[in-house]
Amino acid sequence: MPGEAVTLQLGHYAGCVGAQWWGLQAGPGGGPAELRSSTLLRSERAPGGRERLTPRLVALELKGGSVGPVAAAGPVAAGTGTAATSWDGAVAAYLERDPAPRDGDRAEESAAEGRGSPHTPVPGAAPAPSPLAPSQDASSGGTERLWSDYLNVHLHPKSVYVIRQYMHDGECGCLEAFGQGQSLLQDPGCLEELEDRLHFYVEECDYLQGFQVLCDLHNGFSGVGAKVTELLYDEYSGKGILTWGLTPGTSNLGDSPKNLYRVMNVALGIVHLSRHSSLLCPLSLSGSLGLRPQPPVTFPYLNYDASLNFHSSAVLAAALDTLTVPYRLSSSQGSMMHLAETLNFSGRKVVAAWASLPFPARPGCSLADALCSHGQDVPWKLLVAWRERRLRSCFAQSVVLRGIGNESHVSSARTQPPSPLHACESAEQTLQRYLHTLFPGALSAAHVLEQPCRTLPPYPQFFSPLLTQQGFLRDKPPPSAAGVFSAAVESIPVLAALQASPVLHTLLTSLYMDVKKLNARRFASFFSAGVEQDEFQEALEELRTLSQCYETELEGSESEDEEDSD
33 MPGEAVTLQL
43 GHYAGCVGAQ
53 WWGLQAGPGG
63 GPAELRSSTL
73 LRSERAPGGR
83 ERLTPRLVAL
93 ELKGGSVGPV
103 AAAGPVAAGT
113 GTAATSWDGA
123 VAAYLERDPA
133 PRDGDRAEES
143 AAEGRGSPHT
153 PVPGAAPAPS
163 PLAPSQDASS
173 GGTERLWSDY
183 LNVHLHPKSV
193 YVIRQYMHDG
203 ECGCLEAFGQ
213 GQSLLQDPGC
223 LEELEDRLHF
233 YVEECDYLQG
243 FQVLCDLHNG
253 FSGVGAKVTE
263 LLYDEYSGKG
273 ILTWGLTPGT
283 SNLGDSPKNL
293 YRVMNVALGI
303 VHLSRHSSLL
313 CPLSLSGSLG
323 LRPQPPVTFP
333 YLNYDASLNF
343 HSSAVLAAAL
353 DTLTVPYRLS
363 SSQGSMMHLA
373 ETLNFSGRKV
383 VAAWASLPFP
393 ARPGCSLADA
403 LCSHGQDVPW
413 KLLVAWRERR
423 LRSCFAQSVV
433 LRGIGNESHV
443 SSARTQPPSP
453 LHACESAEQT
463 LQRYLHTLFP
473 GALSAAHVLE
483 QPCRTLPPYP
493 QFFSPLLTQQ
503 GFLRDKPPPS
513 AAGVFSAAVE
523 SIPVLAALQA
533 SPVLHTLLTS
543 LYMDVKKLNA
553 RRFASFFSAG
563 VEQDEFQEAL
573 EELRTLSQCY
583 ETELEGSESE
593 DEEDSD
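If you're matching positions, the sequence shown starts at 33 in the numbering used here and goes up one per residue.
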């Protein structure tokens with residue numbers, strides 16, 4: 033049996049993605065039966081004797097980044113009585129958000145007094161705005177402050193550790209530089225708190241298969257992540273460490289010092305996190321990790337606002353929930369380490385993520401028909417922040433398709449199959465054959481689930497009107513009437529992949545060249561936080577060496593042309 037995993041959540045944006053992800057697994061509607069909930073979730077008894085699932089989670093957050101009541105959604109988790117957590121606010125049931133922002137004291141007082149109205153959706157009616165969701169309308173321009181605002185699962189008191197040396201937001205006192213993050217875990221108090229929480233979850237595992245690390249790349253948490261992965265590597269030798277490096281959908285701020293810090297944090301983060309991780313996957317909807325601004329990633333059937341963390345984190349959470357399927361499948365003995373070893377050979381410890389959200393298919397359509405309709409262009413988008421290239425090659429990949437039933441693997445009866453895909457006997461065979469056709473010579477591992485990705489509120493309803501409630505394509509939008517809203521999209525089919533791909537040569541080389549252009553003498557404050565300039569230059573060379581692991585003959589000639597043009 034593959035066993036359980038512990039998740040570490042480092043930083044505010046990592047918290048946003050994590051909050052959405054836990055909701056997909058343990059929120060309304062429950063998790064898919066084909067997945068082992070015990071891999072990432074732990075079972076405990078709620079007051080009244082009812083069972084509930086809570087994440088096996090250690091979350092590090094800054095002061096002010098977790099202010100407000102941590103909501104526990106649904107009747108099972110209501111009235112938890114676990115106010116003795118590390119949150120600035122108490123644990124509470126659903127609470128209505130005040131029209132105006134409130135400080136930690138008022139939030140704590142409101143939670144303690146139990147004020148607020150329960151949120152009860154009416155079957156068949158349009159969903160009311162969730163009290164956990166600050167904005168579900170991409171065009172509203174609304175803003176959200178805290179990831180706890182849309183967290184809809186209960187957290188154990190051991191889960192959240194608030195680092196009070198730095199503020200989450202403001203003009204000063206923020207965790208801005210890689211070196212600041214590294215120094216935090218050199219503090220005996222911080223280190224002891226982290227180890228205590230880790231040991232709590234590790235010791236209750238029957239068999240620990242490894243750790244998932246969700247880490248902000250763009251700020252000082254990249255330095256925290258570097259130390260955390262080093263600690264895990266040293267203390268839990270042989271266990272899988274899968275790290276997801278996260279950056280918000282809009283984080284490029286031109287030539288501002290904050291933007292230049294961001295680029296250096298990302299570069300150092302990728303180098304240090306890949307050293308001690310089994311696998312590192314940068315995830316972002318931003319168009320660029322480097323200095324040159326690019327428009328955010330778009331999806332044809334999502335109307336999301338990349339400037340809202342509530343929206344961008346929901347997209348990444350759906351991708352993450354699908355990408356992690358291989359070591360959570362009830363029917364598979366695959367583990368985190370097995371997934372990593374499938375992709376990370378020849379020093380390729382950084383992988384690119386692709387996703388089709390939703391996977392475009394019509395109700396009752398066969399998988400073969402859906403794939404053939406796209407020809408040689410896989411309908412997925414690159415979730416590594418760089419300009420997308422349609423490369424026809426990869427070294428290895430892990431691909432997951434969910435939400436397409438096995439009954440849809442063959443099209444209507446014909447005397448002669450119109451394509452080799454239509455002759456396959458199962459959805460998994462169809463997907464495997466499709467991958468081998470598009471990526472000949474690549475090592476491809478494919479998994480197919482009947483269960484879709486659930487998108488019930490508080491997941492944002494930013495979907496195209498061309499989607500049905502099950503996330504399949506309509507021929508035309510449904511007719512609308514005054515005062516009548518279309519039903520929420522309850523689930524979507526998803527196609528997602530992790531690839532060791534030549535596109536990473538482009539991304540890592542471009543990031544290296546951007547950072548190399550910077551005049552390090554202008555950033556004395558960055559280096560005064562604990563990073564020596566010699567160490568910085570050594571990390572840059574390591575980044576360049578890492579990029580060369582993904583170089584092909586074609587990529588090599590293109591990169592030479594780019595260097596000449598610069």
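Backbone N, C-alpha and C define an ideal beta-carbon position, used for all residues, glycine too.
Tell me the DSSP secondary structure of residue i in three-state form.
| i | result |
| --- | --- |
| His-479 | strand |
| Gln-212 | helix |
| Asp-248 | strand |
| Pro-314 | strand |
| Gln-464 | helix |
| Phe-471 | coil |
| Pro-87 | strand |
| Gly-272 | strand |
| Tyr-293 | helix |
| Cys-485 | strand |
| Glu-262 | helix |
| Ala-109 | Because the pLDDT of Ala-109 is 32, which lies under 50, any placement of that residue in the model is unreliable, and the question is left without a value. |
| Leu-321 | coil |
| Phe-243 | strand |
| Phe-232 | helix |
| Arg-82 | coil |
| Ile-195 | strand |
| Phe-495 | strand |
| Ser-19 | The question about residue 19 has no answer here: the residues shown for the chain are numbered 33 through 598. |
| Ser-430 | strand |
| Gln-41 | strand |
| Cys-206 | strand |
| Gly-301 | helix |
| Pro-277 | Note that residue 277 is Gly in the sequence shown, not Pro. Strand at Gly-277. |
| Glu-267 | helix |
List the whole-angstrom C-beta distance separating residue i from residue j, where the pair is believed to meet the contact cut-off of C-beta under 8 Å.
| i | j | result |
| --- | --- | --- |
| Met-368 | Leu-274 | 6 Å |
| Leu-257 | Leu-543 | Residue identity differs from the one stated: residue 257 is Gly in this sequence, not Leu. Not quite, the Cβ-Cβ distance comes to about 17 Å (not below 8 Å), so this is no contact. |
| Ala-385 | Val-416 | 6 Å |
| Thr-282 | Ala-338 | 5 Å |
| Pro-328 | His-479 | Contact flag wrong, Cβ pair sits at about 28 Å. |
| Gln-606 | Gly-35 | For residue 606 there is no data in the structure shown, the boundaries of the chain being 33 and 598. |
| Leu-67 | Leu-85 | The pair is not a contact, with the Cβ atoms about 12 Å apart (cut-off 8 Å). |
| Tyr-336 | Leu-403 | Not confirmed; about 25 Å, so no contact. |
| Leu-278 | Asp-248 | 6 Å |
| Gln-531 | Val-383 | 6 Å |
| Ser-430 | Ala-529 | 7 Å |
| Phe-555 | Leu-292 | 7 Å |
| Gly-96 | Asp-181 | That pair is no contact at about 14 Å. |
| His-188 | Glu-262 | Contact flag wrong, Cβ pair sits at about 25 Å. |
| Ala-455 | Gly-211 | Actually they do not touch by this definition, with Cβ atoms about 58 Å apart. |
| Leu-414 | Ala-372 | In fact, because the Cβ distance is near 21 Å, the residues do not count as touching under 8 Å. |
Please return the same chain residues whose Cβ sits closer than 6 Å to the Cβ of residue i, not counting the five positions on each side in sequence.
| i | result |
| --- | --- |
| Cys-48 | Trp-179, Asn-341 and Ser-345 |
| Val-154 | Per-residue confidence for Val-154 stands at a pLDDT of 29, beneath the threshold of 50, marking its modelled position as unreliable; no derived number is given. |
| Trp-276 | Leu-246, Cys-313 and Leu-315 |
| Tyr-233 | Val-38 and Arg-88 |
| Ser-388 | Pro-411, Trp-412 and Leu-527 |
| Ser-496 | Tyr-333 |
| Pro-395 | Phe-504 |
| Phe-471 | Cys-426 |
| Glu-605 | Any answer about residue 605 is impossible in this case: the structure gives the chain only from 33 up to 598. |
| Gly-50 | Gln-41 and Leu-246 |
Between residue i and the rest of its own chain, which residues show a CB-CB distance below 7 Å, the 5 nearest in sequence each way excluded?
| i | result |
| --- | --- |
| His-468 | Ser-476 |
| Gly-173 | Any reading at Gly-173 must be qualified, since the residue scores a pLDDT of 37, below 50, and its modelled position is unreliable; the value itself is stated next. For Gly-173, where only same-chain residues beyond five positions count, there are no Cβ hits under 7 Å. |
| Arg-324 | none |
| Lys-190 | Arg-229 and Phe-232 |
Given residue i, which residues of its chain have a CB within under 8 Å of its CB, disregarding the five upstream and five downstream residues?
| i | result |
| --- | --- |
| Leu-499 | Tyr-333, Pro-390, Leu-505, Arg-506, Val-521 and Ile-524 |
| Ala-557 | Just to set this straight, residue 557 is Ser in the shown sequence, not Ala. Counting only Cβ-Cβ distances below 8 Å, and skipping sequence neighbours, we find Ala-209. |
For a cutoff of 8 Å on Cβ pairs, would you count residue i as touching chain D?
| i | result |
| --- | --- |
| Ser-318 | As a matter of chain content, chain D is missing from the structure shown, which is built from one protein chain. |
Runs of beta strand (DSSP E) lying entirely within the segment 48–79, each at least 3 residues, in chain order: 73–77
Three or more C-beta pairs below 8 Å linking the segment 252–270 and the segment 298–305: yes
Secondary structure, alpha helix (DSSP H): runs of 4+ residues fully inside the segment 498–570: 535–549 and 556–560
Ordered list of alpha helix (DSSP H) runs contained in the segment 331–416, each at least 4 residues: 341–355, 368–375 and 399–404
Touch test, the segment 564–575 against the segment 373–382, Cβ-Cβ under 8 Å, three pairs minimum: Too few Cβ pairs lie closer than 8 Å, so no.
Validate contact between the segment 222–235 and the segment 82–95 using beta carbons, cut 8 Å, 3 pairs: The count of Cβ pairs closer than 8 Å, one atom from the segment 222–235 and one from the segment 82–95, reaches three, so the stretches are in contact.
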